[in-house]
Structure formats: C-alpha cells, structure tokens
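First the structure, in the form of structure tokens, and then the observations on it.
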C-alpha cells in the first residue's frame with residue numbers, strides 16, 4: 001500500500017506571475033502595493049536568470065487563499081508601471097521522487113525505502129560509493145542507464 005501524504009489545497013498559496021516589474025524595484029514595495037489593493041500577500045520572489053543570476057522582469061507572488069484572489073488578474077498597473085499578471089505555467093514533466101525514484105510524488109511525502117539513482121540498489125543516492133566509470137543501472141526497469149533518464153521505458157509508459 002502506498003503511503004503518500006497530500007497537502008490540503010485550502011492551505012496552499014495562490015501563485016501568480018507579475019510581468020514587467022523592473023529588476024531594480026524592491027520586492028517589498030511590490031508586496032505592499034498588492035496588499036494596498038486588497039490582497040493578502042504571503043511571499044514575493046524575483047525570478048533570476050539561470051546563468052547570470054540577475055533579476056528578470058518578472059516575479060512570483062504567493063497570495064493567501066481567498067475567494068477574491070482571481071480578481072488580481074484584472075490589475076493592470078503596479079507602482080506606476082503597466083504590468084501583466086498571469087497564472088504560472090504548468091510543468092510538463094512528471095515529478096520523480098528523489099528518495100525511492102518512483103514517479104508521481106516527491107521525496108518530502110515518500111515513506112518508501114530509498115533506492116539509488118545510479119546503481120538501483122537499496123541505499124540513498126548520497127551513499128553511492130562506486131567509481132564514476134561503474135555501469136549505471138535503473139532502479140525502475142533494470143536498464144543500463146540512470147533512473148532519472150527520460151528515455152527509460154518506465155518513463156515513456158507514463
């Protein structure tokens with residue numbers, strides 16, 4: 001039997017993306033401005049460019065769960081700047097647990113025994129002791145590849 005813990009949807013933050021916020025704008029001011037409009041802000045985060053780590057023109061805003069949260073999509077300006085507020089894009093990949101290497105849940109909610117991503121044996125991946133030139137073995141299909149390989153037959157069947 002699977003022992004997977006689910007998050008209560010009512011406690012999950014309502015996340016939106018605010019586009020066209022200048023990178024030099026303090027995120028504290030963004031949060032205060034959104035609260036002045038009438039929304040309860042849980043967190044505001046700048047989105048960083050992957051390689052340079054510079055702030056981009058967008059930020060994530062997490063709102064406390066409320067019935068009026070969908071009204072934030074009607075907001076067109078913040079801090080005297082024309083903005084576009086949209087829903088976050090859905091991830092296309094299926095989540096893979098970093099503990100048991102199975103799909104559909106994360107390490108945080110996994111109660112299975114750990115399996116190594118490189119050799120497929122029953123130990124955490126952090127305790128992998130073989131050399132880097134040792135052959136890899138999938139924990140899911142016993143193939144000659146690491147368990148997180150997107151060409152795995154188990155992944156392709158999902």
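In UniProt numbering, the protein residues as written are 1 to 158. By construction, the Cβ of each residue, glycine as well, lies at the ideal position given by its N, Cα and C atoms.
**Request:** Consult DSSP for residue 155 and reduce its assignment to one of helix, strand or coil.
**Result:** helix
**Prompt:** With distances taken between CB atoms, is the gap from residue 34 to residue 61 smaller than 8 angstroms?
**Reply:** yes
**Request:** Compare the C-alpha of residue 67 against each of 119, 153 and 40 and name the closest.
**Result:** 40
**Prompt:** So residue 160 packs on residue 64, CB below 8 angstroms; how close in whole Å?
**Reply:** It is not possible to answer for residue 160, since the shown part of the chain is limited to 1 through 158.
**Asked** Over what stretch of residues does the beta strand (DSSP E) that includes residue 37 continue unbroken?
**Response** Taken as a continuous stretch (DSSP letters only), residue 37 belongs to no beta strand (DSSP E), being part of the alpha helix (DSSP H) at 27-37.
**Request:** Could you tell me how far apart the beta carbons of residue 56 and residue 47 are, in whole angstroms, since I believe they sit closer than 8 angstroms?
**Result:** 5 angstroms
**Request:** Take residue 138 as the anchor and find which of 131, 129 and 153 has the nearest alpha-carbon.
**Result:** 153
**Asked** Under the three-state reduction of DSSP, which class applies to residue 108: helix, strand or coil?
**Response** helix
**Request:** Provide the residue span of the beta strand (DSSP E) that contains residue 138, from first to last.
**Result:** Element bounds for residue 138: n/a, residue is neither H nor E.
**Prompt:** Leaving out the 5 sequence neighbours to the left and right, which residues in its chain are closer than 7 angstroms to residue 140 when beta-carbon positions are compared?
**Reply:** 101, 147, 152 and 154
**Delimiting residues of the beta strand (DSSP E) encompassing residue 200** = The chain is shown from 1 up to 158; residue 200 falls before or after that span and cannot be answered.
**Item:** Buried versus exposed call for residue 49 [16 or more other C-beta atoms within 10 Å across all chains shown]
**Value:** exposed
**Request:** Starting from residue 84, follow the beta strand (DSSP E) in both directions and report where the run begins and ends.
**Result:** 84-86
**Request:** Could you pull out every residue in the same chain whose Cβ sits closer than 6 angstroms to the Cβ of residue 18, ignoring the five residues on either side in sequence?
**Result:** 59, 61, 83 and 85
**Request:** Measure the C-alpha to C-alpha separation of residue 112 and residue 94 and round it to an integer number of angstroms.
**Result:** 18 angstroms
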